[in-house]
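In this note's numbering, the protein residues as written are 172 to 616.
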């Protein structure tokens, strides 16, 4: 190989977060050559990169594309509008995601799970369902371990990947064994150019698959998956033969496949109507994978859900406190609200990401005792809720919980469903949820 060829055969890894470091580990295992970029002069992860790649070539806070680069591997948090990626597109350089690299190399089948809401719960359900059926399984991607790190483990029978719209946007080839799209509602409009681009990224999950799980409420999903040989649908209505939905018998609701009653909704450990949909979606995907039905149902009976997703925290003074900090967009918050049967006090706010808060007002009308708002977009939410119920403002989570507790009446629910991202006040939605739990626990003292 000539010296000139060697000089242009490098990858530029953009972003030194968890995904960027997993890309570094993958490239090192592959004996590839790379340059590492981050917009920050002292990004987190530098020390770990030094352990993985001691002599790594770094470009920090410099938005030019090195001449020696022939491909960009971008972390999902880096938007396409970033100056460096704009320059790369002008130079017609290939820009890929870590998921694209995973799909090219994965030695075994994988399931692709995406959706605006619920994908972490369904990914985890499928992981446990595969295990209950005796499959050796690894799960990761947007949830937990980055996808490329999964390739460093002993090869499993199957992988389960949670995929974000960011990852799908830059993934051209995704030959999953089963693709599952839970729902699509406006989100991440601060990252995507517009809602159409966001939706197109989500629907891309069906592009290269033969088996798909679709939500019957989303007609576009049916169109995008029409080329698939096997399609199963789920919804809250009574299902047709071999499809998944809800049937009612003697006043009791059941998860059902066709006319076959599978499990009483009362026996689900997961809380809320939206989790009934998540359970049905997981059952449909497991069906396409050939998982044992009884094993899957046992998981649904036992699985309590993930932290910060409709997590029951405590009952104090005849008031329930629910932590749904993962409700980082309006649609997720609406799903949370609709899952609560009684009157509620809503704790919401943060970075709105361009969401339409009027939809939140519609969902909460008639069941809102009061609202306590925090964060950067509190005023915008207050404006949307103004015709529904007077609102209160709090500077931090501790004062928000105390205000909510004072508003709540017997048998009410205090619900943290922010409808916003957390980064104006917290490091993550997990930190926000932890702050809520801590503030609730302090009410006992």
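Even glycine gets a Cβ: it sits at the ideal position worked out from N, Cα and C.
Under the three-state reduction of DSSP, residue 564 is assigned to strand. Our two residues, residue 205 and residue 342, have alpha carbons roughly 20 Å apart in a direct line. In the structure shown, residue 440 falls within a coil segment according to DSSP collapsed to helix, strand and coil. Within the model, the alpha-carbon separation for residue 207 versus residue 452 is close to 39 Å.
Between residue 548 and residue 520, the gap from beta carbon to beta carbon is short of 8 Å. Taking 8 Å as the cut-off, the Cβ atoms of residue 613 and residue 516 do not count as close. Under the 8 Å Cβ criterion, the segment 474-493 does not count as touching the segment 317-324, having fewer than three qualifying pairs. The segment 452-467 and the segment 493-508 do not touch, with fewer than three beta-carbon pairs separated by less than 8 Å. Beta-carbon to beta-carbon, residue 298 and residue 331 are separated by about 5 Å, close enough to satisfy the 8 Å threshold.
If you draw a straight line from the Cα of residue 252 to the Cα of residue 394, it is about 29 Å long.
Bounds of any alpha helix (DSSP H) do not take in residue 483; it lies within the beta strand (DSSP E) bounded by 482-487. The beta carbon of residue 458 is closer than 7 Å to those of 403 in its chain, skipping five residues each way along the sequence. Taking 8 Å as the cut-off, the Cβ atoms of residue 434 and residue 384 do not count as close.
By the beta-carbon neighbour count (other beta carbons within 10 angstroms, threshold 16), residue 440 is exposed. Taken in chain order, the whole alpha helix (DSSP H) runs of length 4 or more contained in the segment 256-341 are 269-276, 290-303, 318-321, 336-340. Judged by pairs of C-beta atoms under 8 Å, the segment 528-544 does not touch the segment 603-613, as fewer than three such pairs exist. Per the coordinates, the alpha-carbon of residue 214 lies some 9 Å from the alpha-carbon of residue 186. Bridge pairing for residue 541: 516 [DSSP].
Judged by DSSP in its simplified three-state form, residue 458 adopts helix. When the Cα atoms are used, residue 489 and residue 608 turn out to be separated by approximately 17 Å. Annotation: the continuous alpha helix (DSSP H) that includes residue 394 extends over 390-395. Annotation: the continuous beta strand (DSSP E) that includes residue 491 extends over 490-494.
Across the set 567, 569, 527, the C-alpha of 527 shows the shortest separation from the C-alpha of residue 554. Between the beta-carbon of residue 247 and that of residue 335 there is about 6 Å, and that keeps the pair under the 8 Å contact cut.
The C-alpha of residue 590 is placed about 11 Å away from the C-alpha of residue 532. Each residue's CA atom was taken as its position, placing residue 513 and residue 286 some 27 Å apart. Collapsing the DSSP output to three states places residue 181 in a strand.
Cβ-Cβ distances below 7 Å link residue 276 to 322 in the same chain, with the five nearest sequence neighbours on each side left out; the list follows chain order. Separation of residue 594 and residue 546 (C-alpha to C-alpha, rounded to the nearest whole angstrom) is 9 Å. Contact annotation: residue 391 and residue 374 have beta-carbon atoms nearer than 8 Å. The residues 282, 297, 349, 351, 384, in chain order, have a CB closer than 7 Å to that of residue 456 in the same chain once the five nearest residues on each side in sequence are set aside. Counting only the Cα atoms, residue 592 lies some 7 Å from residue 524. Straight across, the Cα-Cα distance linking residue 259 with residue 181 is about 14 Å.
Rounded to whole angstroms, residue 314 and residue 556 show a C-alpha spacing of 33 Å. For the 8 Å CB-CB criterion, residue 339 and residue 380 do not form a contact. By the Cβ-count criterion, residue 497 is buried, with 16 or more other Cβ atoms from all chains shown falling within 10 Å of its own Cβ.
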